[in-house]
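Enquirer: I'd like to ask you about the structure that follows.
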Amino acid sequence: MSKREYIIANRKWLEDKAKEEGVKALPKGIYYKVLKEGKPNGAQPQRRSIVTVHYTGWTIDGRKFDSSRGSTPIAMRLSDLIDGWIIALQQMHVGDEWELYIPAEMGYGKFSQPGIPGGSTLIFDIELIGVA
Numbered sequence: 370m371s372k373r374e375y376i377i378a379n380r381k382w383l384e385d386k387a388k389e390e391g392v393k394a395l396p397k398g399i400y401y402k403v404l405k406e407g408k409p410n411g412a413q414p415q416r417r418s419i420v421t422v423h424y425t426g427w428t429i430d431g432r433k434f435d436s437s438r439g440s441t442p443i444a445m446r447l448s449d450l451i452d453g454w455i456i457a458l459q460q461m462h463v464g465d466e467w468e469l470y471i472p473a474e475m476g477y478g479k480f481s482q483p484g485i486p487g488g489s490t491l492i493f494d495i496e497l498i499g500v501a
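Going by our numbering, the first residue of the sequence shown is number 370, and it counts up by one from there.
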């Protein structure tokens, strides 16, 4: 598959996923499905917050490229992360677990990362554990 075909396949996958039952839209072409709801009045991160999460990331072909599960949750400053995470996590409450679908433009764009070809739609299972 050529780079162009790969990018088109990733966009089509996201368009199809957006039509599935239970999938909700966020700004900038990001979609999510709620896997577990935390407290509706639980803390929500701001852009400069330190977030503690468990996560697993896949490409659309089911290849896992990263995960914190099986070890200690990761604590990171939200503003240091990819745009898709910054936008989505600010909508989450502590205790929420979402499956997040991030278009390439809100992830790594045309740049490849280890295990992630450029142009990839990213899928993450993210559980927001804490906000500081």
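Note that beta-carbon positions come from the ideal geometry of N, C-alpha and C, so glycine has one too.
According to DSSP, simplified to helix, strand and coil, what is Glu496?
Expert: If DSSP states are grouped into helix, strand and coil, Glu496 belongs with the strands.
Enquirer: Could you give the C-beta distance for Gly488 and Lys381, rounded to a whole number, given that I count them as a contact under 8 Å?
Expert: So it is not a contact: roughly 12 Å between Cβ atoms.
Enquirer: When the distance is taken between beta carbons, is Arg446 closer than 7 Å to Ile471?
Expert: Cβ atoms of Ile471 and Arg446: not closer than 7 Å.
Enquirer: Three or more C-beta pairs closer than 8 Å, one from the stretch 404-412 and one from the stretch 464-479: is that the case here?
Expert: The answer is yes - the stretch 464-479 touches the stretch 404-412, with three or more Cβ pairs under 8 Å.
Enquirer: Would you please state the rounded distance, in angstroms, between the beta carbons of Tyr477 and Ile451? I believe it to be under 8 Å.
Expert: With 8 Å as the limit, Tyr477 and Ile451 qualify as a contact, their Cβ atoms being about 7 Å apart.
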